[in-house]
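Peer 1: Numbering (my numbering), first residue to last: 4 to 413.
We treat Cβ as the ideally placed atom computed from N, Cα and C, and that holds for glycine.
In this text the structure is predicted, and so the values were computed from the model without any measurement.
One structure, pasted below without further comment.
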Ligand code: UTP
């Protein structure tokens, strides 16, 4: 661990000396904890603030992208399934569950995966996802490694819950946990907030931090040693997510693309969802607020929307390409947030409006670092039931309805 002197110098270089203001008052344990936190901060992330006000991101030339459509899948399903199952049986696919988010919109004080969507029985979000994986495990006759990304804030609860529930019947030897990196929270002037005299205010560094965190945890090495070549990455929100779906894996491998993304056709031109496209000839995701009216309504030769494939956070990546991408820097996004903090007088303040910035890396930025990423169209009603809010759109209520429609007993 770094010494007090080293920490002091490091902080001085970035104008953050206030972090050590109460050092002499702290217990020995608190002092070590604070030095450990300082050592872990990636200060270079603060430079993202310099470009924060440079308005919107400059985009390249946007064009529609070809996809493996629902029709293609229906026609080639046997072939895709057989290639996918062979790949799974060869131990070449692992799944990565992104569960490090804070799920603030849901307003549940435990990790989102611990939320019970059941009505007459207990059925947790994690359990839904494991049940979905079990179907493939059953079909392939092979356990699939599942790596669960947590954050410092929810790690112990998450691991404890899986143990308590006996991994919902999954093989514990194939479930691994890793903790994502944290990023400091700052005021609008770039000064790092303190939560207490010995705790720096920080939050998980966004879902784009998953691969570097997987590498740092040592888990990637374990997977590779076991012959894994592909990672199916998915979010904790979607209780209908098909994980390690043999058809998806088979279709992407057959297409020869470097990676693949499950997508759903937009329900209406104005639907607020990021869509896949080509940007300067490379795969990319353009957010709904970045699209002009003309783009939103543009039609393709088949009469359908030219930009209609919305992403659902379910990607297939090849490890070798990810390792290449990991050598380059990802864009850092700054987000205005309400950040609880300790003020100059040592009082704890919970602001009621945004008072600073958090920093996030986004998984969607990884797509543009590939030469090819094949959109793979799935049926929304069968594979997309996100839980973001307690009720309304993308909520516990809408997801319960979709689960029931898919024959899941609640
Ligand atoms: P969201 O964008 O919904 O963010 O995450 P969130 O923090 O979970 O929820 P809100 O916005 O506060 O309500 C999409 C997926 O990315 C994961 C989440 O767990 C979810 O699976 N995620 C997000 C991480 O793993 N780490 C992060 O730092 C952020």
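What residues match up with residue 359 in a beta bridge as DSSP calls it?
Peer 2: Looking at the DSSP assignment, residue 359 forms a beta bridge with 190 and 340.
Peer 1: So, is residue 292 buried or exposed, given that buried needs 16 or more other C-beta atoms within 10 angstroms?
Peer 2: Its Cβ having fewer than 16 others within 10 Å, residue 292 is exposed.
Peer 1: Tell me whether residue 279 sits in a helix, a strand or coil according to DSSP, three-state version.
Peer 2: Three-state result, residue 279: strand.
Peer 1: Would you check whether ligand 1 has a heavy atom nearer than 6 Å to the C-beta of residue 317?
Peer 2: No.
Peer 1: By a C-beta neighbour count over all protein chains shown, 10 Å radius and 16 as the cutoff for buried, is residue 65 buried or exposed?
Peer 2: By the neighbour-count rule (16 or more Cβ atoms within 10 Å), residue 65 is buried.
Peer 1: Could you tell me the distance, in whole angstroms, from the CA atom of residue 68 to the CA atom of residue 294?
Peer 2: Using only the alpha carbons, I get a separation of about 15 Å.
Peer 1: DSSP three-state call for residue 124: helix, strand or coil?
Peer 2: In the structure shown, residue 124 sits in coil (DSSP, three-state: anything other than H, G, I, E or B).
Peer 1: Leaving out the 5 sequence neighbours to the left and right, which residues in its chain are closer than 6 Å to residue 268 when beta-carbon positions are compared?
Peer 2: Contacts found: 311.
Peer 1: Measure the Cβ-Cβ separation of residue 372 and residue 328 and say whether it is below 7 Å.
Peer 2: Yes, the Cβ-Cβ distance between residue 372 and residue 328 is below 7 Å.
Peer 1: State the Cα-Cα distance for the pair residue 421 and residue 189, rounded to the nearest angstrom.
Peer 2: Shown here, the chain extends from 4 to 413; a query on residue 421 therefore has no answer.
Peer 1: Thinking C-alpha only, which one of 71, 104 and 232 is nearest residue 147?
Peer 2: That would be 232, whose Cα lies nearest to the Cα of residue 147.
Peer 1: Quick one: any contact between the stretch 69-87 and the stretch 242-262, if contact means 3 or more CB pairs under 8 Å?
Peer 2: Because the criterion of three Cβ pairs below 8 Å is met, the stretch 69-87 and the stretch 242-262 touch.
Peer 1: Let me make sure I understand the geometry here. Which of 51, 200 and 182 has the alpha-carbon closest to that of residue 29?
Peer 2: The candidate whose alpha carbon is nearest that of residue 29 is 200.
Peer 1: In the structure shown, what three-state DSSP assignment does residue 285 receive?
Peer 2: Reduced to three states, the DSSP call for residue 285 is strand.
Peer 1: Going by DSSP, what residues sit across from residue 392 in a beta bridge?
Peer 2: For residue 392, which the question treats as bridged, DSSP gives the partners 398.
Peer 1: Taking C-beta to C-beta, are residue 388 and residue 242 nearer than 7 Å?
Peer 2: Yes. Within cutoff.
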